[in-house]
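Q: Take a look at the following structure, please.
Numbering (my numbering), first residue to last: 29 to 201.
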């Protein structure tokens with residue numbers, strides 16, 4: 029009986045804390061210079077202008093997919109939220125040059141676990157912005173998305189950037 033009550037409470041209050049993927053500053057997606065990201069065609073989220081190339085996991089969960097071009101990692105949080113971490117704007121055209129991936133499909137990750145290291149000099153040499161995005165790719169999973177203070181400097185794996193309330197099963201039915 030108590031276990032069933034706890035499960036019901038959990039189902040109503042599934043929030044995912046999403047942390048900074050890099051040291052740097054927060055950018056709203058609408059201010060990103062890539063129209064696909066800015067117009068939320070991949071989904072809602074936020075972007076970071078990184079101070080360095082160390083990109084870490086924003087959530088606790090599992091690596092669902094790594095891209096052969098090393099520019100992105102798809103995660104699923106322990107609560108079931110699908111999270112795309114995309115490094116740089118149009119970095120896919122580098123075909124992995126200047127990018128080092130530290131995880132593989134199936135790995136369990138904690139907040140702050142290194143995912144990708146980007147050589148920012150290589151990105152700049154190719155005219156690629158280092159702005160990196162966290163995108164929640166399945167809108168149906170999201171009940172409410174709250175982005176926190178845009179003015180504070182971000183600390184990778186530490187600064188809480190977004191609070192996502194998962195869509196309950198009753199809301200999706």
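Idealized CB from N, CA, C, for every residue including glycine.
Residue 78 and residue 139: beta carbons closer than 8 Å?
A: no
Q: If you compare alpha carbons, which of 174, 128, 160 and 68 is closest to residue 55?
A: 160
Q: In whole angstroms, what separates the C-alpha of residue 176 from that of residue 154?
A: Taken atom to atom, the span from the alpha-carbon of residue 176 to that of residue 154 is near 32 Å.
Q: Quick check on the burial criterion: 16 or more other C-beta atoms within 10 angstroms. Buried or exposed for residue 89?
A: buried
Q: Between 58, 68, 76 and 64, which lies nearest to residue 47 when the distance is taken from Cα to Cα?
A: 76
Q: Please name the residue in 178, 182, 170 and 141 whose C-alpha comes closest to that of residue 44.
A: 170
Q: At 3 residues or longer, and completely inside the region 138-162: list those beta strand (DSSP E) runs for me, N to C.
A: 142-146
Q: Which value, in whole angstroms, describes the spacing of the CA atoms of residue 50 and residue 136?
A: Cα to Cα, residue 50 sits roughly 19 Å from residue 136.
Q: Give the straight-line distance between the Cα atoms of residue 65 and residue 156, rounded to the nearest whole angstrom.
A: 15 Å
Q: Where does residue 165 fall in DSSP's three states?
A: coil
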